[in-house]
Amino acid sequence: MVTGGQNKSCIDLDTNQVYVTSQNHGFCLDPDSLKKTDFKLWFTNTDDKTVEGIRHKEKKIIAVQFHPEASPGPFDCMFVFEELKRLIGEDNAKR
Numbered sequence: 000m001v002t003g004g005q006n007k008s009c010i011d012l013d014t015n016q017v018y019v020t021s022q023n024h025g026f027c028l029d030p031d032s033l034k035k036t037d038f039k040l041w042f043t044n045t046d047d048k049t050v051e052g053i054r055h056k057e058k059k060i061i062a063v064q065f066h067p068e069a070s071p072g073p074f075d076c077m078f079v080f081e082e083l084k085r086l087i088g089e090d091n092a093k094r
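Each residue of the sequence shown is one higher than the one before, starting from 0 at the first, in numbering that gives the first Met the number 0.
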């Protein structure tokens, strides 16, 4: 899906929470390409079900196709940065 700088809704598949996200991308992952990997879907676009975010099943790796900072503007998805901070903090606590 080509978004061309739009606000689109995405669903967090872990919590079923819907977020309005700021997007501007012209490519997306094929969900089937994740089947033989250690990644799982995290976010999908509510309109066309395209992949908007993935998480590694075991490692502390997360990625999203939207702009979680959405600045200037809404801060609905700031939790993505908080999740990354939490994952990094867990590693630092083990050292």
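All C-beta atoms, glycine included, are put in the ideal place defined by N, C-alpha and C.
Treat the numbers as computed from the prediction; the structure is a model and nothing was measured.
Rounded to the nearest angstrom, the Cβ distance from Val-63 to Glu-51 is 6 angstroms, consistent with a contact under 8 angstroms. Shortest Cα-Cα distance from Asn-15 to any of Thr-43, Glu-57 and Gly-25 involves Thr-43. The beta-carbon distance between Lys-56 and Phe-38, rounded to whole angstroms, is 7 angstroms. This is short enough to meet the 8 angstroms contact definition. When DSSP states are grouped into helix, strand and coil, Asp-46 belongs to the coil group. Arg-85 counts as exposed, since fewer than 16 other beta carbons sit within 10 angstroms of its beta carbon. Separation of Lys-34 and Thr-49 (C-alpha to C-alpha, rounded to the nearest whole angstrom) is 15 angstroms.
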